[in-house]
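*Asks:* Before we start, here is the structure in question, set down as structure tokens.
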Amino acid sequence: MTDQQNTEAAEAQGPQFSLQRIYVRDLSFEAPKSPAIFRQEWTPSVALDLNTRQKALEGDFHEVVLTLSVTVKNGEEVAFIAEVQQAGIFLIQGLDEASMSHTLGAFCPNILFPYARETLDSLVTRGSFPALMLAPVNFDALYAQELQRMQGEGSSTVQ
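Heads up: the sequence shown is residues 649 to 807, going by this note's numbering.
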């Protein structure tokens with residue numbers, strides 16, 4: 649088959665989506681006030697920073713990276729900072745530009761989130777802190793907010 653025949657065959661099959669691999673791209677944990685922090689009454693406040701990015705790879709392959717950064721303070725002191733970059737390689741074919749943007753910006757991060765959440769929870773408990781089970785995230789709503797923000801700035805595509 650020629651490249652043109654392969655492309656035509658793929659288009660005839662319709663859109664395709666396939667998860668190829670999920671992996672931890674980067675992982676860090678810091679407990680700057682240990683062991684003193686363990687001797688204090690535990691009244692934590694949690695700050696979560698969430699970010700996604702995507703990169704086109706060869707052919708129809710795409711890497712999506714979901715970054716979760718958690719800073720937990722006990723009173724005014726930082727108890728710990730934990731960060732994970734959970735990544736995935738996805739094969740995506742046959743989508744128009746808007747559908748591709750939504751898939752990369754919301755659908756793929758939604759697949760990665762449970763893995764990132766479990767990795768963070770495991771990391772935190774290994775640091776001898778109480779389990780940190782983050783609430784589910786509505787990536788469709790976050791994507792829609794980002795799309796509105798970018799349209800307000802005059803840009804038409806979400807990166």
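Think of the CB as a built atom: it goes at the ideal place given N, C-alpha and C, for glycine as much as any other residue.
Because the structure is a prediction, the values reported are computed rather than measured.
Would a C-beta distance cut-off of 8 angstroms place leucine 760 and leucine 714 closer than the cut-off?
*Replies:* Yes, they are a contact pair.
*Asks:* Among Asn786, Thr767 and Ala704, which residue has its Cα nearest to the Cα of alanine 779?
*Replies:* Among Asn786, Thr767 and Ala704, the Cα nearest to that of alanine 779 belongs to Thr767.
*Asks:* Helix, strand or coil: which one does DSSP assign to serine 776?
*Replies:* Correct three-state label for serine 776: coil.
*Asks:* Rounding to the nearest angstrom, what Cα-Cα distance links glutamate 685 and valine 726 in this structure?
*Replies:* Glutamate is not the amino acid found at residue 685; the sequence shown has isoleucine there. The alpha-carbon atoms of isoleucine 685 and valine 726 are separated by roughly 9 angstroms.
*Asks:* Given a cut-off of 8 angstroms, decide if phenylalanine 777 and cysteine 756 are closer than it, judged by their beta-carbon atoms.
*Replies:* Against a cut-off of 8 angstroms, the Cβ pair of phenylalanine 777 and cysteine 756 comes out as no contact.
*Asks:* Classify arginine 668 as buried or exposed, calling it buried when 16 or more other Cβ atoms lie within 10 Å of its own Cβ.
*Replies:* The sequence given here places glutamine at residue 668; arginine does not occur at that position. Per the 10 Å Cβ criterion, exposed.
*Asks:* Do alanine 754 and phenylalanine 787 have their beta-carbon atoms positioned less than 8 angstroms apart in this structure?
*Replies:* The answer is yes: Cβ separation under 8 angstroms.
*Asks:* From the DSSP output, in three-state form, read off threonine 691 for me.
*Replies:* Three-state DSSP puts threonine 691 in coil, outside helix and strand.
*Asks:* Quick check: what's the CA-CA separation for glutamine 733 versus aspartate 674?
*Replies:* Between glutamine 733 and aspartate 674, the C-alpha separation is close to 5 angstroms.
*Asks:* What would DSSP say about asparagine 758, mapped onto helix, strand or coil?
*Replies:* Here asparagine 758 sits in helix by DSSP.
*Asks:* Out of curiosity, what's the CA-to-CA distance linking leucine 716 and serine 770?
*Replies:* Looking at the two C-alpha atoms, the distance is approximately 14 angstroms.
*Asks:* Less than 8 angstroms separating the beta-carbons of valine 718 and proline 692?
*Replies:* No, the pair does not count as a contact, with Cβ atoms beyond the cut-off.
*Asks:* Which same chain residues end up closer than 7 angstroms to phenylalanine 677 when comparing Cβ atoms and leaving out the 5 residues on each side of it in sequence?
*Replies:* Cβ neighbours of phenylalanine 677 beyond the five flanking positions: Phe728, Ala730, Leu771 and Gly775.
*Asks:* Tell me whether alanine 695 is buried or exposed, calling it buried when 16 or more other Cβ atoms sit within 10 Å of its Cβ.
*Replies:* Alanine 695 should be labelled exposed.
*Asks:* Between which two residues does the beta strand (DSSP E) containing glutamate 711 stretch?
*Replies:* Counting along the chain, the beta strand (DSSP E) containing glutamate 711 begins and ends at 709–722.
*Asks:* Would you please state the rounded distance, in angstroms, between the beta carbons of leucine 752 and valine 712? I believe it to be under 8 angstroms.
*Replies:* That pair is a contact at about 6 angstroms.
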